[in-house]
Amino acid sequence: MGTTKNCTDCHISKQNDNNAIMTQLLGFGNGSVNFFGRYAYVGAGKEGLYGVIWTEQEEPQAAIGSHLQKLAYPDNFKAHADKNKGQLKEAYHHHAREILDLTLRGEYLYTANGADGFEVFDVANIDQKGFSERIVTAPVSPLGQRTYVKTKYATSVTLPSTLGIDPLRTRNPENEEQPIHLAYAYVYITDKLEGLVMVNVGTLVDGDPANNFLKKDIVFNPDGWLNGATHSFLAGRYLYVTADKGLLVIDVDKPSEPRLVGRYIGDFLKYPRAVALQFRYLFVTDSEGLKVLDVTKPTEPKPVTGGVLKLANAQRFYLARTYAYVANGAEGLAIVDIEKPEQPKLDQMFNAGGVLNDTRAVQIGAVNASMFALVADGKNGLRVIQVISPENVPQHMGFSPKPNPKLIATYPTSGPAVAVSRGLDRDRVVDESGNQTVVFGRRGARPFNKTEMEKFYLRNGQPYAVEDVVLNNGQLQTRSGQALKPNEQFKPMDESAATKPVAQERLIRRGK
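The opening position of the sequence shown corresponds to residue 5 in my numbering, with each subsequent residue numbered one higher.
In structure tokens:
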């Protein structure tokens with residue numbers, strides 16, 4: 005028992021209600037503070053893609069229609085509400101065969117383009133008024149760049165991180181950095197007919213404009229297991245893929261030699277559509293709703309009894325701390341309480357009075373002190389929802405306050421909005437396999453590796469759970485009232501006698 009932390013702040017609780025806390029503790033990131041930029045990138049199927057302006061240009065870059073805009077830019081807020089009737093008015097378009105998924109990283113927009121395969125668009129000058137075409141396929145002739153790869157029918161695109169991570173970057177030994185895993189050089193494309201396609205896109209973050217020629221490096225579909233692949237999620241060395249046959253687990257520890265190492269093909273999943281992971285639990289949407297599988301052993305997904313929430317038309321979704329935000333078709337946005345991941349329950353169904361009625365995908369992120377949802381609402385276009393704000397959530401500064409969603413802006417697209425880009429990862433410093441993903445501020449600093457992480461929640465390969473400890477009349481006991489014996493008196497260390505560690509001891513502490 006400490007002054008600010010207790011047992012369940014660092015170990016699985018017996019109530020199993022701290023999955024999100026464990027996710028944050030270990031550095032995997034909870035995704036609720038991902039940084040949204042000025043442009044929201046929206047995929048509109050056969051009508052191409054849009055870069056939609058949804059925040060102010062000057063600092064503070066308040067979301068248009070938000071509580072902050074009302075305070076900082078009252079005239080603009082009034083014009084948005086009264087003159088524009090809540091509609092966003094500025095966006096830039098680019099045609100495409102069929103944009104089904106897209107993710108922004110740096111100056112490039114990575115897309116799954118249906119029958120045209122995988123294509124990367126250059127959006128470096130989208131905010132440059134001197135350019136007549138602000139989104140381009142390439143800023144140079146085809147002789148100098150090729151940022152597309154033909155596949156039969158690309159359905160989704162997964163980047164290991166939205167940060168510009170370059171595994172091959174030359175590192176200064178004095179910085180004592182951990183190496184970046186080579187899996188971070190690739191983009192993972194699910195293809196309805198080809199299964200998994202892997203493309204090395206490290207050339208787009210290495211600062212060299214002369215080598216931007218992408219090719220189909222790896223096509224992986226052993227015995228047709230990945231036929232009908234719809235979506236994927238990368239968690240460390242393991243890529244989880246939803247396909248016609250169920251849920252597949254692919255080991256990409258050696259990216260040039262992917263291996264099918266696990267699967268779930270039982271009746272628990274019915275036509276799975278999308279997948280995401282939070283610590284020990286995998287969440288999957290299928291034709292019946294939202295399902296939960298235990299992946300404490302990453303290659304052995306196990307259905308969770310009671311881990312089913314019936315939804316009418318669950319599509320793509322987003323996990324943010326203790327809530328899952330699920331695009332639920334005609335019923336709007338389903339906000340699901342996943343504080344106890346083995347017992348998901350519907351917190352609320354938000355449809356803004358019935359106007360959100362074709363939701364296909366959602367992304368969560370932060371602008372200033374508020375949390376927003378960007379929703380691809382099919383025939384209605386892009387919806388901007390203020391989810392948590394000082395305006396209407398008194399506990400907005402807490403770890404996971406109850407959402408109070410409010411529709412603040414809309415941009416109608418010419419075709420149905422089916423996808424929206426993820427924000428910039430801000431709180432993820434390590435992946436589920438212990439691979440460091442960002443440089444820490446102190447020389448030699450690093451996150452826990454996989455072995456060190458497992459000590460927090462596994463004993464002899466099995467999860468263990470704890471209770472918080474309290475002091476009751478001088479007696480240490482668990483919150484359930486069990487006395488802890490022996491009840492030894494704490495003896496503070498004499499800090500005056502402590503000596504500074506020698507250099508070799510410091511290196512050992514850093515894992516050298």
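All C-beta atoms in this analysis are idealised placements derived from N, C-alpha and C, irrespective of residue type, glycine included. Keep in mind the model is a prediction, meaning the values are calculated, not measured.
If you draw a 10 Å sphere on the C-beta of Leu75, you find fewer than 16 other C-beta atoms in it, and that means exposed.
Straight across, the Cα-Cα distance linking Ala316 with Thr363 is about 12 Å. Going by DSSP, Lys349 is part of the beta strand (DSSP E) stretching over Lys349 to Phe354. Here DSSP, grouped into helix, strand and coil, assigns Thr12 to helix.
With fewer than 16 other beta carbons inside 10 angstroms of its own, Asp227 counts as exposed.
For Gly52, the closest of Ala239, Thr115, Gln440 and Tyr468 by C-alpha to C-alpha distance is Thr115.
Bounds of the alpha helix (DSSP H) holding His71 are His71 to Ala76. If you keep only unbroken beta strand (DSSP E) runs of at least 3 residues inside the segment 390-446, you get 410-415. Note on geometry: alpha-carbon atoms of Val371 and Val253 lie some 34 Å from one another. Note on geometry: alpha-carbon atoms of Gly438 and Phe460 lie some 13 Å from one another. The three-state reading of DSSP puts Gln367 in strand, counting E and B together. Shown here, Asp79 sits in a helix according to DSSP, grouped into three states. Using a Cβ distance threshold of 8 Å, Lys258 and Asp21 do not count as a contacting pair. Of Val443, Ala469 and Gly478, the smallest CA-CA separation from Asn179 is found for Val443.
Asp472 is positioned such that its CB atom lies no closer than 8 Å to that of Asn23. Using a 10 angstroms sphere on the CB of Tyr268, the tally of other CB atoms reaches 16 or more, which defines it as buried. With a cutoff of 8 Å on beta-carbon distance, Lys274 and Ser291 are scored as near each other. Rounded to the nearest whole angstrom, the C-alpha separation of Leu147 and Asn38 is 36 Å.
Spanning the alpha carbons of Tyr43 and Asn215 requires a straight line of approximately 28 Å. With a contact defined as Cβ atoms closer than 8 Å, Arg284 and Asp271 miss out at about 23 Å.
Excluding its 5 nearest sequence neighbours in each direction, Cys14 has C-beta neighbours in its own chain below 7 Å: Leu29 and Phe460, listed in chain order.
In this structure, the beta-carbon distance from Pro276 to Gly250 falls below 8 Å. Inclusion of Leu92 and Ile68 in the CB contact set at 8 Å is warranted, their separation being smaller than that value. By the neighbour-count definition (other C-beta atoms within 10 Å, threshold 16), Ala334 is an exposed residue. As DSSP reads the structure, His98 sits in a beta bridge with Leu53.
Considering only His98, Gln390 and Phe40, the residue with the shortest C-alpha distance to Ala356 is Gln390.
Taken in chain order, the unbroken stretches of beta strand (DSSP E) that lie wholly in the segment 106-182 and span 3 residues or more are 112-116, 122-126 and 158-162. A residue is called buried when at least 16 other Cβ atoms come within 10 angstroms of its Cβ; Arg320 meets this threshold and is buried.
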